[in-house]
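Trainee: Would you mind keeping the following structure in view while I ask a few things?
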């Protein structure tokens, strides 16, 4: 009986290992990449929720065991803050939808990386992390980018089309997800943690575009340049009138006034220098 125990242990290990090996061999690269994508989405969502939770509660920590959507959904330690709980549950559900953005249509490495990066520029992601200070938001995004880089390195690209085939047929291949909305600007900075309510209820605030008209690069046409030239010419003309025409016109007026006075009195008065004020003649009028 003692000799049979090692043999039974070997048969037990073989019975467990053979199905796993067969299952691993039967899994296609596309299925493995899909599983890798889902696991990466869970990791991105976990790190995001962990960072926001730890910032919202100084004496509480987000459990490291909440790696799946269902585990995070069952978590209920929010210190009685119903609004914060609703915010986390809603973001958990919204972030879970990203798993459906890969696996349909294109499944190459470029699409894999594109869909993971789309999480970091999604409007709901930016709204959820807006309670973090700017430096912590930057640190979180860099950490998530490292997770994406590691997942990209594990991607099985054995079934990806050649680059020339993608260039020829890229226009005819529909994207995996055409409804992903994103914004490129950073969210409004809010240094104090201030949990918000339901993402669906506050969707108007989250979906407000972060880009302003002043942020867009300005394009000048010929009309702008023509306006600039006209304005410059007008300024030069005004300067010419002030420095040349007006003094000459004033000198002519003074000369005409002197000639008129000479005709009336018969005596030519002394020529006043240009710019001098006329003499006071109140005494002559009194006499």
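Numbering (this note's numbering), first residue to last: 68 to 354.
Glycine is no exception: its CB is placed at the ideal position from the N, C-alpha and C atoms.
All values reported here derive from a predicted model rather than from experimental measurement.
Alpha carbons only, please: which of 117, 147, 149 is nearest the one belonging to residue 139?
Mentor: Within the chain shown, numbered from 1, the residue matching residue 139 stands at position 72. Answer by Cα proximity: 117.
Trainee: Between residue 100 and residue 162, is the Cβ-Cβ spacing less than 7 angstroms?
Mentor: Against the chain shown, residue 100 aligns to sequence position 33. Against the chain shown, residue 162 aligns to sequence position 95. Not a contact, by the Cβ cut-off of 7 angstroms.
Trainee: In the DSSP assignment, find the unbroken alpha helix (DSSP H) run with residue 131 in it and report its ends.
Mentor: Position 64 of the chain shown, counted from the first residue, corresponds to residue 131. From DSSP, residue 131 is part of no alpha helix (DSSP H); its letter is neither H nor E.
Trainee: Roughly how many angstroms lie between the CA atoms of residue 272 and residue 128, to the nearest whole one?
Mentor: Numbered from 1 along the chain shown, position 205 holds the residue referred to as residue 272. Numbered from 1 along the chain shown, position 61 holds the residue referred to as residue 128. Summary for residue 272: the model assigns pLDDT 41, below 50, so the residue's position carries little reliability; its value from the coordinates is reported in the next sentence. The alpha-carbon atoms of residue 272 and residue 128 are separated by roughly 28 angstroms.
Trainee: In three-state terms, what does DSSP make of residue 227?
Mentor: As a position in the chain shown, residue 227 is number 160, starting the count at 1. It is coil, neither helix nor strand.
Trainee: Can you name the residues that DSSP bridges to residue 325?
Mentor: For this step, residue 325 is matched to residue 258 along the chain shown. Beta-bridge pairing links residue 325 to no other residue.
Trainee: Mind checking whether residue 214 and residue 110 have CB atoms under 7 angstroms apart?
Mentor: One-based indexing of the chain shown puts residue 214 at position 147. One-based indexing of the chain shown puts residue 110 at position 43. Yes, they are a contact pair.
Trainee: Can you tell me the Cβ-Cβ gap for residue 97 and residue 226, rounded? I've got them flagged as a contact below 8 angstroms.
Mentor: Within the chain shown, numbered from 1, the residue matching residue 97 stands at position 30. Within the chain shown, numbered from 1, the residue matching residue 226 stands at position 159. The Cβ separation is near 6 angstroms, so the contact holds.
Trainee: Would residue 95 be called buried (16 or more neighbouring beta carbons within 10 Å of its own) or exposed?
Mentor: The residue given as residue 95 occupies position 28 in the chain shown. Exposed is the call here.
Trainee: Any idea if residue 125 is buried or exposed, counting beta-carbon neighbours within 10 angstroms, 16 or more meaning buried?
Mentor: The residue given as residue 125 occupies position 58 in the chain shown. Looking at its Cβ environment, which holds fewer than 16 other Cβ atoms inside 10 Å, residue 125 is exposed.
Trainee: If you draw a straight line from the alpha carbon of residue 168 to that of residue 182, how long is it in whole angstroms?
Mentor: Along the chain shown, read from residue 1 onward, the residue named residue 168 stands at position 101. Along the chain shown, read from residue 1 onward, the residue named residue 182 stands at position 115. Rounded to the nearest angstrom, the two C-alpha atoms are 7 angstroms apart.
Trainee: Helix or strand or just coil, what does DSSP make of residue 315?
Mentor: By one-based count along the chain shown, residue 315 stands at place 248. Residue state, collapsed to three classes: helix.
Trainee: Is residue 359 near residue 151, with beta carbons less than 7 angstroms apart?
Mentor: Any question about residue 359 goes unanswered here, given that the chain covers just 68 to 354.
Trainee: For residue 208, which residues of its own chain have a beta-carbon under 8 angstroms away from its beta-carbon, when the five flanking residues on both sides are left out?
Mentor: To locate residue 208, count along the chain shown from 1; it is residue 141. Same-chain partners within the cutoff: 187.
Trainee: To the nearest angstrom, how far is the alpha carbon of residue 319 from that of residue 296?
Mentor: As a first step, residue 319 must be located in the chain shown, where it is residue number 252. As a first step, residue 296 must be located in the chain shown, where it is residue number 229. Answer to the nearest angstrom: the Cα atoms are 33 angstroms apart.
Trainee: Below 8 angstroms on the Cβ atoms is my contact criterion, and I expect residue 218 with residue 107 to pass it. Report the Cβ-Cβ distance as a whole number of Å.
Mentor: Here residue 218 corresponds to residue number 151 of the chain shown, with the count starting at 1. Here residue 107 corresponds to residue number 40 of the chain shown, with the count starting at 1. Yes, residue 218 and residue 107 are in contact; Cβ-Cβ is about 4 angstroms, under 8 angstroms.
Trainee: Where does residue 144 sit, in a helix, a strand or coil, going by DSSP?
Mentor: Stepping through the chain shown from its first residue, residue 144 is reached at position 77. Coil, per DSSP.
Trainee: Which of the three DSSP states is assigned to residue 189 in this structure?
Mentor: Counting from one through the chain shown, the residue named residue 189 turns up at place 122. Residue state, collapsed to three classes: strand.
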